Amino acid sequence: MRLILLGPPGAGKGTQAAFITEKFGIPQISTGDMLRAAVKAQTPLGLEAKKIMDTGGLVSDDIIIGLVRDRLQQPDCKNGYLFDGFPRTIPQADALKNARVALDYVVEIVVPEENIIERMSGRRVHPASGRSYHVTFNPPKTADTDDVTGEALVQRDDDREETVRHRLSVYREQTRPLVDYYSSWADTGSTDAPAYRQISGLGSVDEIRQRVFEALGA
Ligand code: AP5
Ligand code: ZN
1 MRLILLGPPG AGKGTQAAFI TEKFGIPQIS TGDMLRAAVK AQTPLGLEAK KIMDTGGLVS
61 DDIIIGLVRD RLQQPDCKNG YLFDGFPRTI PQADALKNAR VALDYVVEIV VPEENIIERM
121 SGRRVHPASG RSYHVTFNPP KTADTDDVTG EALVQRDDDR EETVRHRLSV YREQTRPLVD
181 YYSSWADTGS TDAPAYRQIS GLGSVDEIRQ RVFEALGA
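Under full-length UniProt numbering, the residue at position 18 of the sequence shown is numbered 18, and the numbers go up by one with no gaps.
Written as structure tokens, this is what we have:
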């Protein structure tokens, strides 16, 4: 299984990615998680990326494309992969296409903007694994603690309301065009075009999981 999860910040990409990667035994390639790991390790890339991420802007295409290219060389990508938060711009999608990276599906999770702010404000994450929870909608078994490791959960630095609003406008301008990019590619019927699936991201986490699996024929 080789797929892209597309959708605005807070759509539930990371939440659903955990179910899909487990089901298919494939790695999650989340450029956001990779950048946050670089920030935590204080690498030169991390120090540069942090300034951009804190404002809600996008890290440069060259950096992101290089990160993903290296990640795809790892042996665990042999049987498939799930892209979460990548591609996010037309040049990133073109880079994937030009490198002939195979894709079976693009799944778009649709959530209206008015629902996104409340999702982000209650989000808590486990930094080491990238697992996300929500204080009301998807709470951990024990407050502020990761279900799997028992380690502390934290709030993401870019989940402040004004940063979320900026991330949403960046999504509208730079990432939303990928909906057309991939759906019109699928419409050509070309054999290397991934199938395009659009699902509503409104409902419980479990309902969305069922929708996603159905969209993937699983
Ligand atoms: P990234 O980490 O990719 O963030 P994002 O796309 O903005 O998406 P989020 O992680 O915020 O949302 P999500 O869809 O994963 O939602 P989640 O499942 O957590 O990127 C961060 C930054 O890194 C970017 O701003 C940029 O600076 C940089 N970057 C990353 N990739 C880049 C790239 N390719 N190019 C350039 N720059 C890049 O869910 C959200 C909340 O909702 C959680 O609390 C969750 O518990 C809750 N929730 C989930 N499902 C439901 C449900 N069904 N009902 C109610 N609540 C729910
Ligand atoms: Zn995410």
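For glycine and all other residues, C-beta sits at the position ideal for the given N, C-alpha and C. As the structure is a prediction and not an experimental result, all values here were calculated from the model.
DSSP three-state assignment for residue 83, whether helix, strand or coil: Stepping through the sequence shown from its first residue, residue 83 is reached at position 83. Strand.
Residue from 99, 49, 92 whose Cα sits closest to the Cα of residue 73: Translated into the one-based positions of the sequence shown, residue 73 becomes position 73. Answer by Cα proximity: 99.
Which of helix, strand or coil DSSP assigns to residue 59: For the purposes of this step, residue 59 is taken as residue 59 along the sequence shown, with counting starting at 1. In this structure, residue 59 counts as coil in the three-state DSSP scheme.
Are the Cβ atoms of residue 14 and residue 110 separated by less than 7 Å? Numbered from its first residue, the sequence shown carries residue 14 at position 14. Numbered from its first residue, the sequence shown carries residue 110 at position 110. It is not a contact, given that the beta carbons lie outside the stated cut-off.
Let me check you understand the geometry: is the CB of residue 126 closer than 6 Å to at least one non-hydrogen atom of ligand 1? Taking the sequence shown and counting its residues from 1, the one referred to as residue 126 is at position 126. No; taking the cut-off as 6 Å, the Cβ of residue 126 has no heavy atom of ligand 1 nearer than that.
Does DSSP classify residue 166 as helix, strand or coil? Taking the sequence shown and counting its residues from 1, one reaches residue 166 at position 166. Of the three classes helix, strand and coil, the one that applies to residue 166 here is helix, per DSSP.
Whole-angstrom Cβ separation of residue 218 and residue 23, contact assumed at under 8 Å? Here residue 218 refers to the residue found at position 218 when the sequence shown is read from its first residue. Here residue 23 refers to the residue found at position 23 when the sequence shown is read from its first residue. That belief holds up - the Cβ atoms of residue 218 and residue 23 are roughly 6 Å apart, short of 8 Å.
Of the choices 29, 59, 8, 134, whose alpha-carbon is the least far from that of residue 68? Stepping through the sequence shown from its first residue, residue 68 is reached at position 68. Closest option to residue 68, judged by alpha-carbon separation, among 29, 59, 8, 134: 29.
For residue 26, does the three-state DSSP call read helix, strand or coil? Position 26 of the sequence shown, counted from the start, is the residue given in the question as residue 26. Of the three classes helix, strand and coil, the one that applies to residue 26 here is coil, per DSSP.
Unbroken beta strand (DSSP E) run spanning residue 95, endpoints: As a first step, residue 95 is located in the sequence shown; it is residue number 95 there, counting from the start. No beta strand (DSSP E) contains residue 95, which is instead part of the alpha helix (DSSP H) from 90-98.
Measuring CB atoms only, is the segment 158-175 touching the segment 103-118, in the sense that at least three cross pairs come out at less than 8 Å? Yes: the two stretches touch, three or more of their Cβ pairs being nearer than 8 Å.
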